[in-house]
Amino acid sequence: MNLQSGRPVDRSKDKAILLAAREILLRDGASALTMEAVATKAAVSKATLYSRYGNRNVLIEAVLRAQSDFFVESLSLTVSNREQWFVAAEGFSQRLLDYLFSDDHLCLLKTLQGHECMPVDLRERMYELGPLATCQQVENFLAQSHQAGVIHCPDPVFSAECLFGMLVGMDMLRNVFQQPAKRRPDNIAEHVKRVLTLFLMMHSE
Numbered sequence: 345m346n347l348q349s350g351r352p353v354d355r356s357k358d359k360a361i362l363l364a365a366r367e368i369l370l371r372d373g374a375s376a377l378t379m380e381a382v383a384t385k386a387a388v389s390k391a392t393l394y395s396r397y398g399n400r401n402v403l404i405e406a407v408l409r410a411q412s413d414f415f416v417e418s419l420s421l422t423v424s425n426r427e428q429w430f431v432a433a434e435g436f437s438q439r440l441l442d443y444l445f446s447d448d449h450l451c452l453l454k455t456l457q458g459h460e461c462m463p464v465d466l467r468e469r470m471y472e473l474g475p476l477a478t479c480q481q482v483e484n485f486l487a488q489s490h491q492a493g494v495i496h497c498p499d500p501v502f503s504a505e506c507l508f509g510m511l512v513g514m515d516m517l518r519n520v521f522q523q524p525a526k527r528r529p530d531n532i533a534e535h536v537k538r539v540l541t542l543f544l545m546m547h548s549e
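The opening residue of the sequence shown carries number 345 in my numbering; numbering runs sequentially from there.
This is the structure:
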């Protein structure tokens, strides 16, 4: 194995780069996300940026993976009873809804809707590494919970989509049509508890 010599990697620069790239992507769209713009915003040299991310697409993928990993962090826990399941699912649901009803997500929706010139392959990759990857992690969590006997979920693909639908409801469409959402920071926690309680009832033998 080859070991690199010299100074250790400055992880604070990694964080600054991903935060800068995420902000540009959300606020200005993929077309505005250039390596030069990210380096300037993150206050790092282009050499530093390229040493970590070989090109713009690699950087975009890193941003999307980091976002998805943040959502599903609690789902990586091994659960052996319904109380543990509820805590893990609650952590995921709260993070997901906090983001979906945030200004950041609204900006992303507007960016996606307003940039018809965005390359099709990039749009597809953003979907694969964002919503699809998150949903697949939920499917895995439900499948593992079923195998452990915690819930009765023989079709985790269908159940994952049901959970997303129950959590988001009509609010996603309200966002698209620029109507006020029912979910607000002060009622998201209560909504999550109601949805997960019902979801568990639906997945009891």
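Here a beta-carbon is modelled for each residue, glycine too, at the ideal position from N, C-alpha and C.
| Check | Outcome |
| --- | --- |
| Look at the alpha carbon of residue 527 and the alpha carbon of residue 540, and state the distance between them as a whole number of angstroms. | 16 Å |
| Could you compute how far the alpha carbon of residue 374 sits from the alpha carbon of residue 430? | 36 Å |
| Examine the Cβ distances between the region 486-500 and the region 392-409 and report whether three or more of them are shorter than 8 Å. | no |
| At the level of alpha carbons, what is the spacing between residue 545 and residue 444? | 25 Å |
| Rounded to the nearest angstrom, what separates residue 360 and residue 382 at their Cα positions? | 9 Å |
| Let me confirm a value: residue 348 is counted as buried when at least 16 other C-beta atoms fall within 10 Å, else exposed. Which label applies? | For residue 348, the predicted structure reports a pLDDT of 45, less than 50, and the residue's modelled location is therefore unreliable. A value from the coordinates is still provided. Exposed: under 16 other Cβ atoms inside 10 Å. |
| If residue 473 and residue 412 are in contact, beta carbons under 8 Å, what's the gap, nearest whole angstrom? | 7 Å |
| Counting pairs of beta carbons, one from the region 474-488 and one from the region 415-426, are three or more of them closer than 8 Å? | yes |
| I'd like the ranges of any alpha helix (DSSP H) spanning at least 4 consecutive residues and lying wholly in the region 376-454. | 379-386, 390-396, 400-415 and 426-444 |
| Alpha carbon to alpha carbon, how far is residue 514 from residue 523? | 10 Å |
| For the candidate residues 549, 532 and 391, whose alpha-carbon lies nearest to that of residue 442? | 532 |
| Since residue 293 and residue 377 should fall inside the 8 Å C-beta cutoff, what is the C-beta to C-beta distance between them, to a whole number of angstroms? | Outside the displayed span of the chain (345 to 549) sits residue 293, for which this structure offers no information. |
| Does the separation of the CB atoms of residue 451 and residue 370 fall below 7 Å? | yes |
| What is the rounded straight-line gap between the Cα of residue 415 and the Cα of residue 390? | 30 Å |
| So, are the CB atoms of residue 536 and residue 446 less than 7 Å apart? | no |
| Taking the alpha-carbon of residue 423 as reference, which of 490, 548, 398 and 476 has the nearest alpha-carbon? | 490 |
| Hey, how far is the Cα of residue 427 from the Cα of residue 433? | 10 Å |
| Sorted by chain position, which residues of the same chain lie with C-beta nearer than 7 Å to residue 607's C-beta, five sequence neighbours on each side aside? | Absent from the model: residue 607. The displayed extent of the chain is 345 to 549, so no value can be given. |
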